[in-house]
Every structure is written in C-alpha cells, then in structure tokens.
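Here's the structure, in structure tokens; my notes come after.
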Amino acid sequence: MNRYIIRRLFQMVITLWVIATLTFLMMKAIPGDPFSGEKKLPEQVLKNLMSYYHLDEPIPVQYLIYMKSLLQLDLGPSIKYETRTVNTIISESFPVSAQLGTQALILAVVTGLLLGVVAALRHNRLIDYGAMFFAVLGISVPSFVLAPLMQKYLAVEWELFPVATWEGWEYSILPSIALAAFPLATITRLMRSSMVEVLTQDYIRTARSKGLPPYLVVFRHTIRNSILPIVTIIGPLTVGILTGSFVIEKIFSIPGIGKYFVESISNRDYPLIMGVTLFYSSLLIFVNFLVDLAYGLIDPRIQLFKKGGN
Amino acid sequence: MKKYWIFSLALLIVLITGLTGCTTGADKSKGGEKVLNLNLSGEPSSLDPAKAFDEDSLDVTNNLFEGLMRLDQNHQPKPAVAKEVKVSPDGLTYTFMLNKTKWSNGEELTAHDFEFAWKRVLDPKTAAEPAFLLYFIKGAEEFNTGKGSADQVGVKALDDYTLEVKLARPTPSFLQLTSYPVYFPVYKKGAEKNPNLYNEADTYISNGAFKMAEWKHDDHVKLVKNEHYHKNQTVKLSAIHFSMVTDSKTVYQLFKTKKLDVVGKKSIPPDLLPTMIKNGEVKLREGNGLAFFRFNVKKEPFTNAKIRKAFALAIDRKLIAEQVVGSGEQPAYAYVAPSAPNNFRKKGGDLIKDAQFEEAKKLLAEGMKEEGWTTLPPVTLLYSNSTEQSKKIVEAVQEMYRKHLGVEVSLQAKETKVYFADQRNKNYVMTTSSFLADYNDAYNYLESFQTDHSMNRTNWSNKKYDELLQKAANSGNQEERDQHLHEAEKILFDEMPVFPLYYYSSGAAEQEGITGIIRHPVGPSDYTSADKQ
Numbered sequence: 001m002n003r004y005i006i007r008r009l010f011q012m013v014i015t016l017w018v019i020a021t022l023t024f025l026m027m028k029a030i031p032g033d034p035f036s037g038e039k040k041l042p043e044q045v046l047k048n049l050m051s052y053y054h055l056d057e058p059i060p061v062q063y064l065i066y067m068k069s070l071l072q073l074d075l076g077p078s079i080k081y082e083t084r085t086v087n088t089i090i091s092e093s094f095p096v097s098a099q100l101g102t103q104a105l106i107l108a109v110v111t112g113l114l115l116g117v118v119a120a121l122r123h124n125r126l127i128d129y130g131a132m133f134f135a136v137l138g139i140s141v142p143s144f145v146l147a148p149l150m151q152k153y154l155a156v157e158w159e160l161f162p163v164a165t166w167e168g169w170e171y172s173i174l175p176s177i178a179l180a181a182f183p184l185a186t187i188t189r190l191m192r193s194s195m196v197e198v199l200t201q202d203y204i205r206t207a208r209s210k211g212l213p214p215y216l217v218v219f220r221h222t223i224r225n226s227i228l229p230i231v232t233i234i235g236p237l238t239v240g241i242l243t244g245s246f247v248i249e250k251i252f253s254i255p256g257i258g259k260y261f262v263e264s265i266s267n268r269d270y271p272l273i274m275g276v277t278l279f280y281s282s283l284l285i286f287v288n289f290l291v292d293l294a295y296g297l298i299d300p301r302i303q304l305f306k307k308g309g310n
Numbered sequence: 001m002k003k004y005w006i007f008s009l010a011l012l013i014v015l016i017t018g019l020t021g022c023t024t025g026a027d028k029s030k031g032g033e034k035v036l037n038l039n040l041s042g043e044p045s046s047l048d049p050a051k052a053f054d055e056d057s058l059d060v061t062n063n064l065f066e067g068l069m070r071l072d073q074n075h076q077p078k079p080a081v082a083k084e085v086k087v088s089p090d091g092l093t094y095t096f097m098l099n100k101t102k103w104s105n106g107e108e109l110t111a112h113d114f115e116f117a118w119k120r121v122l123d124p125k126t127a128a129e130p131a132f133l134l135y136f137i138k139g140a141e142e143f144n145t146g147k148g149s150a151d152q153v154g155v156k157a158l159d160d161y162t163l164e165v166k167l168a169r170p171t172p173s174f175l176q177l178t179s180y181p182v183y184f185p186v187y188k189k190g191a192e193k194n195p196n197l198y199n200e201a202d203t204y205i206s207n208g209a210f211k212m213a214e215w216k217h218d219d220h221v222k223l224v225k226n227e228h229y230h231k232n233q234t235v236k237l238s239a240i241h242f243s244m245v246t247d248s249k250t251v252y253q254l255f256k257t258k259k260l261d262v263v264g265k266k267s268i269p270p271d272l273l274p275t276m277i278k279n280g281e282v283k284l285r286e287g288n289g290l291a292f293f294r295f296n297v298k299k300e301p302f303t304n305a306k307i308r309k310a311f312a313l314a315i316d317r318k319l320i321a322e323q324v325v326g327s328g329e330q331p332a333y334a335y336v337a338p339s340a341p342n343n344f345r346k347k348g349g350d351l352i353k354d355a356q357f358e359e360a361k362k363l364l365a366e367g368m369k370e371e372g373w374t375t376l377p378p379v380t381l382l383y384s385n386s387t388e389q390s391k392k393i394v395e396a397v398q399e400m401y402r403k404h405l406g407v408e409v410s411l412q413a414k415e416t417k418v419y420f421a422d423q424r425n426k427n428y429v430m431t432t433s434s435f436l437a438d439y440n441d442a443y444n445y446l447e448s449f450q451t452d453h454s455m456n457r458t459n460w461s462n463k464k465y466d467e468l469l470q471k472a473a474n475s476g477n478q479e480e481r482d483q484h485l486h487e488a489e490k491i492l493f494d495e496m497p498v499f500p501l502y503y504y505s506s507g508a509a510e511q512e513g514i515t516g517i518i519r520h521p522v523g524p525s526d527y528t529s530a531d532k533q
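Next comes the structure, spelled out in structure tokens:
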C-alpha cells in the first residue's frame with residue numbers, strides 16, 4: 001500500500017509540473033500585457049513596471065525565476081492587485097469559497113441522494129415525476145438566471161434573505177442554494193437511474209425472498225451498490241464547487257476565489273493565473289487520489305494494490 | 001414515512017435560522033452614527049497613495065489623506081495642509097508654508113513627510129504607475145528613469161513646516177496637481193520601517209478627514225472619522241463603508257433596498273440608465289474625457305488627409321450620443337472636453353461640423369482621385385468586445401458609412417488587452433478610442449498627439465504641432481499657453497488623424513438626505529463635508 005501511495009504521489013508531482021509548464025507557455029502566448037490600457041503610461045514608467053515584475057527578461061529566464069519561487073511555494077506578487085501577493089489572495093479568498101461550497105455540497109449530496117432514492121423506489125409514480133421535474137429544471141436553468149430570480153423575489157420583494165454581500169451566515173443561504181442547484185439535480189438523476197438498475201438485479205430479488213425487511217434491502221444492498229457512479233463524480237464536483245463560481249460570487253458579491261479564474265486572464269495578471277491554476281490542479285489531483293482510495297473501500301471488486309504478504 | 005419527516009424538519013431548520021438571521025444587516029445609521037454606504041466596483045488595486053491610479057483606489061485614498069491643496073466645489077485648489085503658498089515670479093519655485101497637523105496616530109506631520117513621499121513615488125524601485133504626474137518637478141523624470149538620483153529631485157523640506165519645490169518648467173496646473181493622491185504625504189517613520197504599511201488596515205496611517213478602520217480584501221473597506229484631522233469639527237459623517245459589489249444588477253438592487261446611499265452612473269445597468277436619467281434619479285454632470293476614433297495614417301486609405309476628413313464628416317454624432325448611447329453624453333465637435341478649465345472649449349469653439357454627408361462624399365472622391373484609386377482599399381474598424389455598447393456604436397458607424405459614403409467597413413472585435421496591444425503596436429486601420437484626462441488641463445488632452453507620444457498610436461507626426469505643445473509646456477502665462485494649445489487643436493482637426501465622437505458625462509444617484517458630496521470632472525470624489533440625514 002505504501003508503495004502505491006508513493007508512486008501516486010510521484011505521478012502527482014510530475015502532472016503538476018507539466019500543468020505549470022504548459023500554463024506558463026500558453027499564458028505567455030496570449031497577446032497583450034498587464035499594463036496595456038486606456039491610461040497612457042510613459043515608456044519609462046512602463047519599463048520600471050516591467051522590470052519590477054521581471055517581465056523584461058526573456059521567457060526561459062522568466063520561467064526559471066517562476067519555477068524557483070514555486071519550489072519555495074511562493075506564488076509571487078499579483079500585478080493587478082499591486083499590494084497583495086498571490087499566496088495571500090488565495091489564502092484569503094479560498095476559505096470563503098470553501099465554506100460556501102461545503103454548504104452547497106452538503107445540500108446537494110444529501111437532498112440529491114434522498115430525492116434519487118425516493119424517485120427510484122417510487123419508480124414511475126407521482127413522486128418520481130416530481131423529483132425528475134425539479135432535476136431537469138435544476139440542470140437546464142443556468143445559475144445566472146436562477147440567482148438573480150432568487151435575489152429579486154426572495155430578497156428584494158419578500159425580504160426573506162439579504163440581497164448580497166458577505167456579512168454573516170444568513171448571507172450564505174441564497175448563494176448556497178443557487179450553487180447547489182446544478183449538482184443536486186445531477187446527483188438526483190444519477191442516483192435514480194443507477195438505483196433503478198440495481199433494483200432489478202438478481203441479488204436484490206434474493207435478498208427480498210430470503211425475508212430481509214425492506215429497509216435493510218434498500219440500505220444494505222441497493223444503496224451501497226448504486227452509489228459508485230456518485231463517488232466517481234463527487235471528486236471533481238467537490239473541487240469545482242469548493243473553488244467557487246464566477247457567476248454566483250459576482251451576483252451575490254462574495255469575496256471568494258471564483259472570480260480570479262476568469263479575471264486573472266483578462267487582466268493578464270500572470271502570477272495570479274499561474275497561482276489559481278496550480279492551486280485548482282493540485283486540489284483536483286489530490287481529490288481524485290482520495291476518490292481512487294475510496295473505490296477500494298466501497299467496492300471489493302476493485303483492488304488498488306496487491307494484498308501484502310506473499 | 002420517517003424519511004420525509006427528517007427531510008422536512010431539516011428544511012424547516014434551515015428556513016428558520018435563515019429568517020431570524022435576516023434581522024442583522026449592513027452598517028446602518030443608528031444612534032447618531034452617520035455611516036455613508038458606498039460601493040466600489042471591486043477590490044481597489046492599491047490604496048497606497050503612491051500607486052493608487054484607478055477610480056476606486058483614488059476615491060478611497062482621497063478621503064483618507066489630505067494633500068497640500070484640496071479642490072473646492074468649483075474645482076479650484078484651496079490650501080489644506082498648506083497654510084499659504086508663495087510662487088516665484090518665473091513660476092518655477094513654489095514655497096509651501098504648512099499648518100501644524102497630525103497623523104491619525106497623533107504624531108506631528110512635517111514637510112519631511114512630503115519630501116519623503118514624493119521621492120518614494122519617483123523611486124524606480126517603487127514602480128508607481130502615476131509617477132509621471134510628478135515629472136513637472138525638477139529632476140523628477142531623471143530620477144524615475146534611472147538617470148538621476150533622489151538628491152537631485154527639486155523638493156526639499158527647508159524646516160518642519162516649509163516645503164520648497166523647484167519645477168522643471170512653469171506649470172499653471174501645479175497647485176491643482178498637489179491635491180491629487182500621488183502628491184499626498186506619507187508617514188515617513190512608518191514607511192521607513194515597513195514600506196508596505198499601506199497594504200493592510202492595521203498599519204495604515206493617514207492624515208485626512210477619515211482613517212482606515214477595516215479592510216477586508218474583496219469584501220469592504222471601512223473608514224471612520226479621524227479625530228486628529230486638523231479640521232475634524234467640520235466632518236459630519238462618522239464613517240464611510242465601501243462595499244465591493246461588481247455586478248451592476250446587484251448594485252441596483254442594493255440601492256433600491258437602501259443598502260447603498262450613492263451609486264455612480266457607471267455601476268447602473270445600462271438598460272435602466274436612460275429611465276433613471278429621465279425621471280431624475282440619476283443627476284448628470286460634465287465628465288472627463290471623450291470617446292473618439294483613431295486612424296492609422298500609415299495604412300491605406302487613411303494615408304490621405306481628405307479621406308480621413310471624409311470619414312470624420314460622415315458621422316452623425318448627435319444621433320450616436322443621444323440614440324445609441326443615450327445616457328447623457330454630449331456630441332463632441334472638438335477634442336478638449338468642455339469640463340477643461342479656463343473656458344477652453346468655449347473660447348476654442350467647435351472644430352468640426354456634424355453629419356456633413358455631401359461634403360464627406362466630395363472629399364472622399366477627391367482623396368481617391370489624388371491617390372489614383374478607383375476602389376477604396378478595405379477598411380477594418382477595430383474595437384474592444386468588452387461592452388455591449390461599443391458594439392452598438394461601431395455598428396451604427398458602419399451603417400453611416402454604408403449609407404452616406406457608400407463604403408463597406410468591416411468590423412473587428414478583439415478582447416480588451418489584445419485590442420490595446422494592437423492599438424499600441426499600430427496594428428489597425430481605424431479604431432475606437434477613449435481618453436480620460438489624468439489632471440484637468442487642456443495640455444493633458446493635447447500632449448497625446450505629439451510625435452511618438454505613448455498615447456499617439458496613429459503614426460501621425462506634425463512638427464508645428466510638436467513645437468506648439470513644447471511652447472505651451474514652457475509658458476508660464478495662462479493666456480499665451482492657451483493660445484498655443486488652441487492653435488495646436490486646430491492643426492489636429494485640419495489633419496484629422498483622430499476625430500471626436502462624444503464627451504463623456506458623469507452622474508450618480510443618491511438616496512434622499514445625502515448632501516455635501518463634492519465631485520470634480522477629473523479626480524476623485526470628496527466626502528469630507530458630506531452629510532446624511
């Protein structure tokens with residue numbers, strides 16, 4: 001088992017290095033620079049700025065400088081937010097997105113699984129149709145429509161929730177729901193179809209015929225066998241949700257990390273582009289690793305490593 | 001069934017906690033507390049007075065600090081930290097006598113803090129974008145470009161309360177400039193120990209009407225009244241809360257629910273703006289700068305001045321300003337905006353007539369004949385795809401050329417930074433452009449089109465124009481200076497490497513009971529004397 005983990009960790013580092021290098025090269029290939037704008041900066045001021053951020057060096061040198069500081073886990077200064085470093089930007093904004101994401105994820109997984117299970121057990125009945133109606137709605141209504149609608153009715157017209165900004169727990173309810181809508185719908189549909197399939201299997205019939213109480217059939221045999229597809233998507237889904245949503249964070253004015261994925265590119269904020277990309281990749285790679293380990297625990301058929309001994 | 005019970009119970013708990021939570025809210029004015037709730041369009045890029053250069057950063061810093069001068073309601077510089085100013089007859093030496101004032105930590109503010117601050121801005125290691133606004137000072141440009149040293153910069157604290165400034169050339173707008181954030185003093189004792197003291201709230205020391213209380217990045221900045229401010233009895237607000245909401249629809253909802261006291265015209269959704277202007281919710285005022293078009297005079301067909309003129313005259317500016325943009329902009333018939341001081345625009349008058357379709361057609365034919373063209377070389381119009389509005393404008397312009405010149409112009413949209421890079425590398429035929437003045441002076445508008453100026457971007461070069469600008473820069477006499485500038489502006493319109501479209505307008509919507517906010521066509525807003533009922 002240790003050997004497997006060490007091998008995986010080594011692969012993870014290589015993957016990250018490849019991602020860092022490719023991102024660096026692609027980012028430098030985009031035309032434009034961080035300082036081109038409406039304001040007329042004299043050449044000399046531009047030169048000072050370029051040398052301050054080492055942008056006047058040839059690209060291979062810039063790459064080496066970046067890699068050197070990356071090894072020390074220093075992601076460098078942001079160019080757009082002149083007085084902040086990429087490390088502080090990530091460490092300040094990620095916890096906010098993570099809190100919101102965790103709430104949304106719990107809401108999505110708990111409600112999604114519940115709806116999926118109920119829909120499958122009441123296959124082709126009213127509850128099933130109802131759950132599927134909401135699932136289709138959740139998948140097809142984009143968040144930039146859902147969020148302003150919720151804002152308009154739940155916050156402005158009926159004054160149940162605050163409109164926007166981030167000043168306390170109650171401010172996180174609307175964005176959590178808006179953020180949860182899509183994964184919730186996805187999980188519901190996936191769980192339902194997977195469960196409908198498992199319910200027709202022979203071992204379920206066996207379990208029923210040997211006289212197990214229905215709730216045990218559902219919990220011990222059906223759910224455990226049908227949850228595997230959910231585990232597969234839950235890794236990337238978690239990372240995606242935890243790292244925030246540009247749209248939701250913008251609409252509800254949440255100081256999360258989501259906007260940096262988009263804005264850093266349009267601002268040509270090179271260190272920030274690298275920083276958030278690498279942060280996201282490491283998170284994704286790590287969570288996928290955890291998911292692989294979880295497979296082994298849930299499904300005995302999957303063997304990640306030969307049992308030690310002989 | 002049991003499961004449903006648990007589920008509905010959970011939902012109920014979420015709802016109840018949500019509802020009870022709603023009673024707490026943003027900063028409200030309670031018990032005599034007067035908090036002005038404002039919005040920034042996002043995290044300010046820097047609140048260090050040396051580096052603040054975008055509108056949001058400038059707005060916040062301007063209310064945290066006070067410079068030698070401060071602009072009054074009529075946009076005139078009035079003594080602030082300075083008690084009085086003596087200007088030498090040649091206009092090259094300014095001596096500022098300072099009031100005895102204090103920093104927000106209670107320590108004395110001296111002329112040394114100013115000297116330190118200005119040299120800090122100019123130090124190439126600081127890499128301050130607005131450093132060039134100090135180039136009027138002797139030795140400043142040299143130090144900033146690495147050709148001189150800090151000692152050669154013409155600013156010196158003669159004693160604790162006397163600051164002497166030597167200029168490189170007479171600059172009538174110098175006093176106005178000393179009211180801008182880049183000229184603010186810096187707490188020398190703190191900055192020598194920690195050069196990044198203006199990066200976080202707990203080390204932030206300032207000298208203005210307000211001091212820094214909270215700065216949660218990406219979330220809000222809160223300023224509270226500074227008890228050490230030398231005129232603190234005139235300050236009526238107890239605090240200013242700047243939130244950082246980027247989405248314009250959300251900003252609008254927050255304003256409607258009275259969570260925001262003031263919203264600027266720029267942060268109102270464009271589709272709602274015309275109505276809000278019409279019903280008086282948004283009050284307009286003269287703005288800074290203008291929207292215009294650039295021709296690349298080294299690319300055909302705009303190598304020919306008559307063809308450039310034809311393209312300039314075939315535009316109906318009034319129609320574009322009123323119908324296409326429709327948010328209070330004024331059609332522009334010259335380059336320097338009406339908000340420029342000393343009635344520059346009134347004296348200069350209009351330099352181009354609107355919608356001269358017949359004249360345009362004639363000029364186009366003449367120009368083509370001069371060049372020996374039977375068909376016009378293809379014209380592409382470069383624009384930035386950042387806003388819906390810029391697309392509407394270029395489409396209107398395309399239609400006008402089709403209708404009035406019979407010319408088919410192709411449109412080319414590019415992502416903002418690529419668009420600016422193309423502009424700077426002169427990789428275009430014709431392009432939309434925008435100018436915002438850094439300080440309110442006709443010179444600042446017109447200096448752009450000197451040969452090889454970083455704002456020129458048209459390949460246009462005219463010796464007479466360069467000469468006139470040089471003369472204006474070196475003239476200490478306002479009349480004479482303006483005369484040179486008027487002449488230069490005329491040359492610009494005779495040759496037409498650029499043509500104007502509309503002057504920007506500014507505006508804001510305020511809740512009832514907000515008074516005393518001072519705004520200027522150029523430069524940040526001032527909340528020092530603002531009040532909230």
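Each protein sequence line maps, in turn, to chains A and B. Going by the UniProt record's numbering, 110 is the number at position 110 of the first sequence; the sequence numbering is gapless. Going by the UniProt record's numbering, 524 is the number at position 524 of the second sequence; the sequence numbering is gapless. For glycine and all other residues, C-beta sits at the position ideal for the given N, C-alpha and C. Everything numeric in this text was worked out from a predicted model, so none of it was measured.
Please report the straight-line C-alpha distance between residue i and residue j, rounded to a whole angstrom.
i, j, result
"arginine 301 of chain A", "valine 291 of chain A", "15 Å"
"proline 236 of chain A", "tyrosine 333 of chain B", "57 Å"
"glutamine 303 of chain A", "arginine 224 of chain A", "17 Å"
"alanine 26 of chain B", "alanine 150 of chain B", "Confidence in alanine 26 of chain B is poor, its pLDDT being 46 and thus under 50, which makes the residue's placement unreliable; the coordinate value appears in the next sentence. Looking at the two C-alpha atoms, the distance is approximately 46 Å."
"arginine 125 of chain A", "isoleucine 254 of chain A", "40 Å"
"alanine 201 of chain B", "threonine 85 of chain A", "16 Å"
"lysine 464 of chain B", "glycine 406 of chain B", "34 Å"
"glutamate 415 of chain B", "glutamate 142 of chain B", "35 Å"
Cβ atoms of residue j and residue i: under 8 Å apart, would you say?
i, j, result
"isoleucine 285 of chain A", "threonine 21 of chain A", "no"
"glutamine 44 of chain A", "threonine 145 of chain B", "yes"
"glutamate 66 of chain B", "asparagine 199 of chain B", "no"
"glutamine 176 of chain B", "tyrosine 443 of chain B", "no"
"valine 251 of chain B", "serine 238 of chain B", "no"
"arginine 308 of chain B", "proline 497 of chain B", "yes"
"valine 247 of chain A", "phenylalanine 144 of chain A", "yes"
"leucine 223 of chain B", "valine 182 of chain B", "no"
"histidine 241 of chain B", "asparagine 37 of chain B", "yes"
"alanine 50 of chain B", "leucine 68 of chain B", "no"
"asparagine 304 of chain B", "glutamate 371 of chain B", "yes"
"residue 569 of chain B", "threonine 165 of chain A", "The question about residue 569 of chain B has no answer here: the residues shown for chain B are numbered 1 through 533."
Using 10 angstroms around the beta-carbon of residue i, count the other beta-carbons present and answer buried if the total reaches 16, otherwise exposed.
i, result
"tyrosine 203 of chain A", "exposed"
"tyrosine 215 of chain A", "exposed"
"histidine 123 of chain A", "exposed"
"threonine 200 of chain A", "exposed"
"threonine 243 of chain A", "buried"
"serine 433 of chain B", "buried"
"glutamine 76 of chain B", "exposed"
"residue 534 of chain B", "Residue numbering for chain B in the displayed model covers 1 to 533; residue 534 of chain B lies beyond these limits and cannot be assessed."
Pull the bridge partners of residue i from the DSSP assignment, please.
i, result
"valine 282 of chain B", "B:Ala509"
"asparagine 2 of chain A", "For asparagine 2 of chain A, which the question treats as bridged, DSSP gives no partner whatsoever."
Return the residue from the list the options that minimises the CA-CA distance to residue i.
i, options, result
"lysine 34 of chain B", "B:Lys225, B:Lys189, B:Gly208, B:Tyr503", "B:Lys225"
"lysine 318 of chain B", "B:Tyr183, B:Ala127, B:Asp247, B:Ala396", "B:Ala396"
"leucine 107 of chain A", "A:Leu212, A:Tyr260, A:Arg3, A:Thr238", "A:Thr238"
"threonine 277 of chain A", "A:Pro213, A:Gly37, A:Met26, A:Ala164", "A:Met26"
"serine 525 of chain B", "B:Val121, B:Ala131, B:Ser179", "B:Ser179"
"leucine 115 of chain A", "A:Ala131, A:Leu105, A:Ala104, A:Gly256", "A:Ala131"
"glycine 138 of chain A", "A:Ala178, A:Glu170, A:Asp299", "A:Ala178"
"glutamate 281 of chain B", "B:Pro130, B:Gly328, B:Arg294, B:Glu108", "B:Gly328"
"alanine 155 of chain A", "B:Gln253, B:Ala127, B:Phe96", "B:Gln253"
"tyrosine 335 of chain B", "B:Lys102, B:Gly348, B:Ala509", "B:Gly348"
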